[in-house]
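Student:
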Amino acid sequence: MKNSKSALISVYKKTSQLITLAHKLKELGFRIYASGGTEKFLLGKDVEVVNVEKLTGFPPILDHRVVTLHPKIHAGILSKNTKEHEDELKILKVSKFDLVIVDLYPVWEGIKSGNLEKVLDMVDIGGPTMLRAAAKNFNNERIVVCDMSDTALVVSQLESNGQVDFEVRKKLAAKVFSLMEKYDGAIASFLSSDPDRLSVDKSDRTIALSFNQGKKLRYGENPHQKAWVYAGESNKDPLAIQKFKQLQGKELSFNNYLDIDAAISCLSEVGGAKPSCVIIKHTNPAGFSLKNSIEKAYEYAWYGGDPLAAFGGVVGVNRNVTKNLAKEMLLGKNKAKKFFEVLIAPSIDKEALQVFSERKDLRILVNPFLKNPKPAKNPDFKKIRGGILYQDADVRYIGEKDLKVVTKKKPTKREIKNLLFAWRVVKICKSNAICLVKDDVLIASGVGQQDRKESCKIAVAKATDPNRGKSKMTIIDSVAASDAFFPFPDGPEILIKAGVKAIIQPGGSIRDQETIDICKRNNVAMVFTSTRSFSH
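Numbering (our numbering), first residue to last: 172 to 707.
1) Does residue 354 pass the burial test, meaning 16 or more other C-beta atoms within 10 Å, or should it be called exposed?
2) With respect to the alpha helix (DSSP H) encompassing residue 690, which residues constitute its N-terminal and C-terminal limits?
3) Cα-Cα, which of 390, 203 and 403 is closest to residue 422?
4) Pull up the distance between the alpha-carbon of residue 382 and that of residue 401, whole angstroms please.
5) Taking all protein chains shown into account, decide if residue 634 is buried (16 or more other Cβ within 10 angstroms of its Cβ) or exposed.
6) Along the chain, where does the alpha helix (DSSP H) containing residue 500 start, and where does it finish?
7) Can you tell me whether residue 193 is helix, strand or coil according to DSSP?
8) Please give the ranges of any alpha helix (DSSP H) in the segment 597 to 658, keeping only runs that are unbroken, at least 4 residues long and fully inside the region.
9) So, residue 669 versus residue 608, is the Cβ gap smaller than 8 angstroms?
10) Measuring straight from C-alpha to C-alpha, what distance separates residue 705 and residue 563?
11) Mapping the DSSP letters down to three states, classify residue 417 as helix, strand or coil.
12) Work out the CA separation of residue 244 and residue 556 for me, nearest whole Å.
13) For a quick check, are the C-beta atoms of residue 604 and residue 616 less than 8 angstroms apart?
14) Counting C-beta neighbours from all protein chains within 10 Å, is the total for residue 219 16 or more, i.e. buried, or is it exposed?
15) Look up residue 455 in the DSSP assignment and give the residues it is bridged to.
16) So residue 420 and residue 532 are in contact, right, with Cβ under 8 angstroms, and what is the actual spacing, rounded?
17) Please say whether residue 495 and residue 529 have beta carbons closer to each other than 8 angstroms?
18) Tell me whether residue 373 sits in a helix, a strand or coil according to DSSP, three-state version.
19) Keeping to the same chain, check which residues put their C-beta closer than 8 angstroms to that of residue 427; ignore five residues upstream and five downstream.
20) Ordered along the chain, which non-local residues of its own chain (more than five positions away) have a Cβ less than 6 angstroms from that of residue 576?
21) Does the pairing of the segment 264 to 277 with the segment 175 to 182 give three or more beta-carbon distances under 8 angstroms?
22) What separation, rounded to the nearest whole angstrom, lies between the Cα atoms of residue 580 and residue 360?
23) How would you call residue 590, buried or exposed, if buried means at least 16 neighbouring beta carbons within 10 angstroms?
24) Strictly by DSSP, which residues pair up with residue 222?
25) In chain order, what residues of the same chain lie with their CB nearer than 6 angstroms to the CB of residue 536, ignoring the 5 residues before and after it?
26) Quick one: Cα of residue 473 to Cα of residue 510, how far?
27) Pick from 682, 240, 209 and 662: whose alpha carbon is nearest that of residue 629?
28) Just checking my contact of residue 600 with residue 654 at CB under 8 angstroms: how many whole Å lie between their CB atoms?
29) DSSP state of residue 411, grouped into three classes?
30) Counting Cβ pairs closer than 8 angstroms, one from the segment 429 to 443 and one from the segment 453 to 468, do we hit at least three?
31) Please classify residue 347 as buried or exposed, where buried requires at least 16 other C-beta atoms within 10 Å of its C-beta.
32) Distance, Cα to Cα, residue 481 vs residue 328?
33) Kindly indicate which residue of 550, 292, 567 and 571 has the alpha-carbon position closest to the one of residue 561.
34) Using three-state DSSP, classify residue 247 as helix, strand or coil.
35) Over the uninterrupted alpha helix (DSSP H) stretch that includes residue 328, give me the two end residues.
36) Starting from residue 552 and walking both ways along the beta strand (DSSP E), at which residues does that stretch end?
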């Protein structure tokens, strides 16, 4: 068949798929031009190919840093289908390229190494330039391929029609620009030392986000919603959910990801100094405890908190899961089956996995960094209609030295310890939030209400519910945390009447004194953090 079309191929990965493609293009009448490495590979596989050096008359220079950056190449890609451009190409003796196939240097491999020189060596210049040029010119019948999986569609259309449809060319061009955004974003992320690919200029005018290829989920928050999950480019966070290893169970759902994230955040607030267990339901802690053993931590998180809300939740622990703990998690001492959807842990014994195998749908994920988790410092984004909101991570640490005692009665050492734990818990809960804690155990909470008084009522009602099960944790002599100031003394009054003996809150209301006074009258300690911890 007479050669009537030209293809330019320059690929990093030389595979059998490339050989098959090249032979097929030759059958379709394409003259193939290739850069040095690709040319050598194809010639070795009996594919007739022309080195681009013969076209440009210019050899690769600077250790192959400059190979395809030449007017005779880019004129052949960028020319329009006009008589003027066709005539100019003839005068310049430039061949028009109908098809451009390029894959890029894998800069991500350099980024994973963390080595600057390796990253810079892997930054492709010629490849992106050819891809962008061909994508820009798709409406002049240029076909561009940046993903070898698309070559089957291209060949199929060429075989059927002798050309590739406009809409297909347009889609392929869009894919190039999407890849460029991802590629450049990964590089910018690495150079700015930002693991989640965030670029904010000094004038606060520009934000750029880049995430890798998404994974389709079964559905979104509800079955009628389609959903995907994307990972941040070059994410260096060891506790990124994508870095957990799933040992068993169904694929994670949209809501699972949200609740797992909340569980990691909770465990990160208390770290790994003591065994801890958290139970998350709808991104809020339904149970949370710190104890001297992980078995006790689990027992008090499940039974000392809100067992009803814990049903169907996510369980997170910061210690290894043993066979005995696995049995307790599934049945418990009263042999009543317990249901939760996800378990995350730093590790799990083989014998424990055998126990959990009875529940094949239970998702089990492990990550050794969960043994001593640290709060994430990644920026926080929230989607709004027409844009996004951006804020720094809430990593402010509140310790004993940060507390301001505002009542005559000072909290005991034990109460201070519990107040600080309560503060770490309420920080994770959705506002308005009130958390009740006793002996390093979350016994109840009221979250997500429009007014703080109602949150107090809910927390007390849950803590005093006679049907809450075998919990030995009572509200008497407990402490309370509020994520923002009390606008009126009615909320603290509800807590105090129920048995709360110490309260931690940010302070800052014009009625602070009224709240302080009601504590004084009831011999209840109150401390201010001077820091709000809203979580909308």
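Ideal placement from N, C-alpha and C gives every residue a C-beta, glycine not left out.
Tutor: Inspection of the coordinates gives the following:
1) buried
2) 683 to 692
3) 390
4) 6 angstroms
5) buried
6) 494 to 501
7) helix
8) 623 to 634
9) no
10) 13 angstroms
11) strand
12) 44 angstroms
13) yes
14) exposed
15) 452
16) 6 angstroms
17) no
18) Because residue 373 carries a pLDDT of 43, less than 50, the predicted location of this residue cannot be relied on, and the following value inherits that uncertainty. Three-state result, residue 373: coil.
19) 485, 512, 513 and 534
20) 698
21) yes
22) 51 angstroms
23) buried
24) 205
25) 415, 417 and 515
26) 11 angstroms
27) 662
28) 7 angstroms
29) coil
30) yes
31) buried
32) 55 angstroms
33) 550
34) helix
35) 322 to 332
36) 551 to 555
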